[in-house]
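Engineer: Next up is a structure, given as structure tokens.
Protein chains: 2
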Amino acid sequence: MENKTLMTDFYELTMAQTYFDQGEKDKKAYFDVFFRESPFHGGYAIAGGLDGLVEYIKKFYISEEDIAYLRSLGNFTEDFLSYLKELKFSGDIYSVEDGTPVFPNEPVITVRANVIEAQLIETALLANFNHATLVTTAAKRITTAASGIPVMEFGARRARGIDSAIEASKYSYVGGCIGTSNVLAAKMYDIPVLGTMAHSMICDADNEYEAFLAYAKSNPNNCVFLVDTFDTLKSGIPNAIKVANDYLIPNNYPFKGIRIDSGDLAYLSKQARKLLDDAGYADAGICLSNGLNENTIKSLIDQGAYINSIGCGDNIAASLERIGGVYKLVAVEREAKLIPKIKVTNDIMKTINPGYKKVYRFYDKKTGYALGDVLALADEVIPEDGYTLISPTEEWKKTYISGYEVKNLQVLVFKNGKQVYEVPSIQERKLYCEEQFRTIYPEIKRSVNPHEYYVDLTENLLGLKKKLIRNSMNFVHS
Amino acid sequence: MENKTLMTDFYELTMAQTYFDQGEKDKKAYFDVFFRESPFHGGYAIAGGLDGLVEYIKKFYISEEDIAYLRSLGNFTEDFLSYLKELKFSGDIYSVEDGTPVFPNEPVITVRANVIEAQLIETALLANFNHATLVTTAAKRITTAASGIPVMEFGARRARGIDSAIEASKYSYVGGCIGTSNVLAAKMYDIPVLGTMAHSMICDADNEYEAFLAYAKSNPNNCVFLVDTFDTLKSGIPNAIKVANDYLIPNNYPFKGIRIDSGDLAYLSKQARKLLDDAGYADAGICLSNGLNENTIKSLIDQGAYINSIGCGDNIAASLERIGGVYKLVAVEREAKLIPKIKVTNDIMKTINPGYKKVYRFYDKKTGYALGDVLALADEVIPEDGYTLISPTEEWKKTYISGYEVKNLQVLVFKNGKQVYEVPSIQERKLYCEEQFRTIYPEIKRSVNPHEYYVDLTENLLGLKKKLIRNSMNFVHS
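Residue numbers (numbering that gives the first Met the number 0), protein chains in the order written: chain C, 0 to 477; chain G, 0 to 477.
Okay, structure coming up:
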């Protein structure tokens, strides 16, 4: 089951048949991928999923078996099926790089392709983008809440299936986790693999000391004892200390620490710290886990809990949020002329930004901070010396900026169907993500009520948008 | 990337090394999979994922490449690595069948295997179970809310990755959807494939009538027009009717209907019904979509909306819920003797049910309704003529039942590592799910404040549980 090309919505094919019959199969269409609101009521998302996208596009191919299936549905003409059989993705894909902070309503990915190809890839592209971006963002938010305390990704068992778990482990590392418990993901992407021990082993042994000792003998360099099976303070920590005294230290192994997975973590961590310190193990770390999320992590820190590391499961790999990335037609080419497209929604100012566009980000030359983004028509030139940002919804709000460096945020990933961009390694993406995240003002990154990052339109683009909205209204009311 | 055996948490391996070093690799351990609360604040879940489990277990194999990776970590002995290289899953797996309504704290899956094997499969087993069960349950709840109105699964683009989408489409069908828009899932599992059209095609054409007409000509037997691109009542429906009049009907094609994807669906559907009826198209259906969930579907029905079908995306394939299935040690064998195990939690009565158990369901012979489940020790015999159900948390609550048929809910899926159960087809599972769902009292299936289904323990099991809790307490306080 390696060919996943048909992971597409059926209407992409019925529309494709229509385009084909209309002789429009080679018409170039432009689609933007964007989201309308940042997840977690936050001020940003972190783009993810470029490797998954590249893999899908490179393997895009409708097999004989697929054709036989499609034929059996009785909806498609033989001419069209023959066309599908030969189909490869031959278009261009621009994308923001993985790890980049991105904001509502800006094109994270832009596809320019024959309309049938562009439509057929929509579903898989979005499923991949939505998952990867959500996980990367969740990891970034949780590691940000942890304020430098290392966060380990432990969520594979709670993910949405086995493959989804592998992807979650990968993107959580890009988003800021220091490693994962998922051995396969660690192996595939060269991510640090981490873990402690499970309650089952201690329950099995009945005797906590014996269980710890056996584990220590077999894993002498990796001893983080899970201390909450019976009683964290009365049994778990004393037994961990005893094993350190009896076995680890006499044999020159480190006593790495303990993990607490239940109970009042703030209270227990403080008492644990005292017990460990009093026993002479100031270096033994305290790992906390148990459904931790941004709020509980912040609260633990506020309460002065002692935390050396955090294990995070559900809330990264299976967070209860969505990105809701969409894929919208923004332009077509007719006789080599670019025709911008729009879909007017009930809330008119929430209407999509039309046209073939570029996203530019302004970085303050002095501070390095990102001042804002501007969406421009693809052929516009952004001045390098000074620029007036105009709010797209409140035009009287103008901000003149200068002393910036401006960056075209999207890179060309596929050119005429050929991959022209090498997706950086997971490690490189992680570093890039950290670096780019530092360019975002703290007010935007605030977990509650963040300031809204500027995503503005050039005057040309705003003018075009207004004109298209007006035309569309005329159309409706004519 | 076909071998996913290592999709396991690292601690499974460090514990395995420990068991190996202790000479306990062949010790039989028993693990139960269960969840603690029904998702969606509901009264039930629907078990799913047996095919995924079978596939994982059958392919369980640690390759040379995996071994090389594990060796590189420096944690494992060569003896242990040699052992892993030869390892196959050789245990027994019992499971409730896919599509069965299941309830908190009862073992949906029970694994009896050499402890190392049993631990190594935990992570993938849970990721698969949690995803499949969540989707099946979400689909069952939404289709139940729809009270017989067909629900189509449209959520692939919102799922947690491409593979997760395929699984979601599959299990949503088991849970009650009539089909999916996901072409690959439809092909793989012989599920009806469904779809309408997208806004992009209409935006592209500018002229809604021309777009509808072109679509109708290419898909004359599949005409459900998306009517909300410009103005549902003033433009979309009149244009759909015009295409029916001008093309479909004169050519003996059916006018299947319209889809409304935005705006006030209750109001619009009523107006739409009138417009269609007035034009002589009482048979043209109205499909509603737009982030519909249980509540909005119920509300639409309450308001008397006209709905012939529902397209459901996010809330099945990417529902904001979790099952939180866990995998807990319940027994081990020592010298062929079964030793029950327990892990006492802070809330003592929420402590897991210990021992190697069976789940029995009592069905009323007259009505067919399920009267309750009882968890029994594996060697207990449940009387066929009369039985007293005892609440495990409130022992004074006793209910005598008779005139029932009793069913052992779990089937043996693997025996000594050999698959001995053929997972029924998706279609069979769907029918089985419907049939079993009908056996559950409506009060249990109620969407808000459902009555709690009885999941009781036999006197023997309850006695054992109390004894183990007592012993465990003594241990802690000794």
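From the three backbone atoms N, C-alpha and C, an ideal C-beta is built for every residue, glycine too.
The model shown is predicted, which means the values in this text are computed figures rather than measured ones.
1) I'd like to know if G/S477 contacts chain C, where contact means its C-beta is closer than 7 Å to some C-beta of that chain.
2) Go through the region 125-206 of chain C residue by residue and report every complete run of the beta strand (DSSP E) that reaches 3 residues or more, in order.
3) Hey, is the region 414-423 of chain G in contact with the region 87-98 of chain G, meaning 3+ C-beta pairs nearer than 8 Å?
4) So, with DSSP's three-state summary, where would you put G/L461?
5) For a test of the three-state rule: what should DSSP assign to G/K340, helix, strand or coil?
6) Considering Cα atoms alone, identify which of C/Y82, C/T135, C/D31 is closest to C/A15.
7) So which residues of chain C does G/F9 contact, with C-beta pairs closer than 7 Å?
8) According to DSSP, simplified to helix, strand and coil, what is G/V95?
9) Flag C/Q21 as yes if its beta-carbon sits less than 7 Å from any beta-carbon of chain G, otherwise no.
10) At least one CB of chain C closer than 7 Å to the CB of G/D162: is that the case?
11) Between which two residues does the alpha helix (DSSP H) harbouring G/A271 extend?
12) Under a three-way DSSP split, which group does C/G256 fall into?
13) If you compare alpha carbons, which of G/Y18, G/D31, G/N2, G/T7 is closest to G/G354?
14) Would the region 426-443 of chain C and the region 42-52 of chain C be scored as touching if the rule is three or more Cβ pairs under 8 Å?
15) For the region 196-220 of chain C, which residues have a beta carbon sitting closer than 8 Å to at least one beta carbon of chain G?
16) Check each candidate in G/S268, G/E77, G/N2 and name the one with the smallest Cα separation from G/Y60.
17) For C/Y55, return the contacting residues in chain G, with the cut-off set at a CB-CB distance below 8 Å.
18) Along the chain, where does the alpha helix (DSSP H) that runs through G/S401 open and close?
19) Please confirm if the region 266-281 of chain C is in contact with the region 114-130 of chain C, defined as three or more CB-CB distances below 8 Å between the two stretches.
20) Check the Cβ-Cβ distances between G/Y266 and every residue of chain C, and say whether any is below 7 Å.
21) Is DSSP giving C/Q16 helix, strand or coil here?
22) Classify C/H130: buried if its beta carbon has 16 or more other beta carbons within 10 angstroms, exposed otherwise.
23) Would you tell me roughly how many angstroms separate the C-alpha atoms of G/T387 and G/P103, rounded to the nearest one?
24) Kindly say whether G/R140, judged by its beta-carbon, lies nearer than 7 Å to any beta-carbon of chain C.
25) Find the nearest neighbour of G/S318 within the set C/R159, C/A155, C/A137, judged by alpha-carbon distance.
26) Which parts of the region 411-438 of chain G are runs of the beta strand (DSSP E), unbroken and 3 residues or longer, counting only runs that do not cross its ends?
27) So, does the CB of G/K501 fall closer than 7 Å to a CB anywhere in chain C?
28) If you draw a straight line from the C-alpha of C/A335 to the C-alpha of C/E23, how long is it?
29) Please confirm whether C/V53 and C/V422 have their CB atoms less than 7 Å apart.
30) Determine, for C/K356, whether the minimum Cβ-Cβ distance to residues of chain G falls below 7 Å.
31) Can you confirm whether C/Q435, when its beta carbon is compared against all beta carbons of chain G, has any partner nearer than 7 Å?
32) Within the same chain, show all residues whose beta-carbon is closer than 7 Å to that of G/L337, passing over the 5 residues directly before and after it, in chain order.
33) Can you tell me whether C/P100 is buried or exposed? The criterion is at least 16 other CB atoms within 10 Å of its CB, across all chains shown.
34) With respect to the alpha helix (DSSP H) encompassing G/R70, which residues constitute its N-terminal and C-terminal limits?
35) Return helix, strand or coil for G/T109, following the three-state DSSP convention.
Structural biologist: This is what the structure gives:
1) In this prediction, G/S477 scores a pLDDT of 42, lower than 50, which makes its location untrustworthy; the coordinate-derived value is nonetheless stated afterwards. False, the Cβ-Cβ gap to chain C never drops below 7 Å.
2) Entirely contained in the region 125-206 of chain C, the beta strand (DSSP E) runs reaching 3 residues are, in chain order, 150-152.
3) Below 8 Å, enough C-beta pairs join the region 414-423 of chain G and the region 87-98 of chain G to call them touching: three or more.
4) Collapsing the DSSP output to three states places G/L461 in a helix.
5) G/K340: coil per DSSP, three-state reduction.
6) The shortest Cα separation from C/A15 among C/Y82, C/T135, C/D31 belongs to C/Y82.
7) Result: S180, V182, V192, L193, G194.
8) In this structure, DSSP gives G/V95 an extended state, which the three-state scheme calls strand.
9) Yes, contact with chain G.
10) Output row for G/D162: interface = yes.
11) Where G/A271 is concerned, the enclosing alpha helix (DSSP H) stretches over 264-277.
12) In this structure, DSSP gives C/G256 an extended state, which the three-state scheme calls strand.
13) Minimum Cα distance to G/G354 is reached at G/D31.
14) Because the criterion of three Cβ pairs below 8 Å is met, the region 426-443 of chain C and the region 42-52 of chain C touch.
15) Cβ contacts with chain G come from M196, A197, H198, S199, M200, C202, D203, D205, A213, Y214, K216, S217, N218, N220.
16) Measuring from the Cα of G/Y60, the nearest candidate turns out to be G/N2.
17) The answer, in chain order, is I161.
18) DSSP places G/S401 in no alpha helix (DSSP H) but in the uninterrupted beta strand (DSSP E) bounded by 397-401.
19) In short, these stretches do not touch, since the Cβ pair count stays below three.
20) False, the Cβ-Cβ gap to chain C never drops below 7 Å.
21) Helix.
22) Around the C-beta of C/H130, 16 or more other C-beta atoms lie within 10 Å, and the residue is accordingly described as buried.
23) Answer to the nearest angstrom: the Cα atoms are 20 Å apart.
24) Chain C contact via Cβ: absent.
25) Cα-wise, what sits closest to G/S318 is C/R159.
26) Here no run is fully enclosed.
27) Limits of chain G in this structure are 0 at one end and 477 at the other, which puts residue 501 of chain G out of reach.
28) Cα to Cα, C/A335 sits roughly 13 Å from C/E23.
29) It is a contact, given that the beta carbons lie within the stated cut-off.
30) So no, C/K356 is outside the interface.
31) For C/Q435, the nearest beta carbon of chain G is not closer than 7 Å to its own beta carbon.
32) So the list reads A330, Y355, once near-sequence residues are dropped.
33) By the neighbour-count criterion, in which a residue is buried when 16 or more other Cβ atoms sit within 10 angstroms of its Cβ, C/P100 is buried.
34) 63-71 is the span of the alpha helix (DSSP H), which, as asked, contains G/R70.
35) G/T109 falls in the strand class under three-state DSSP.
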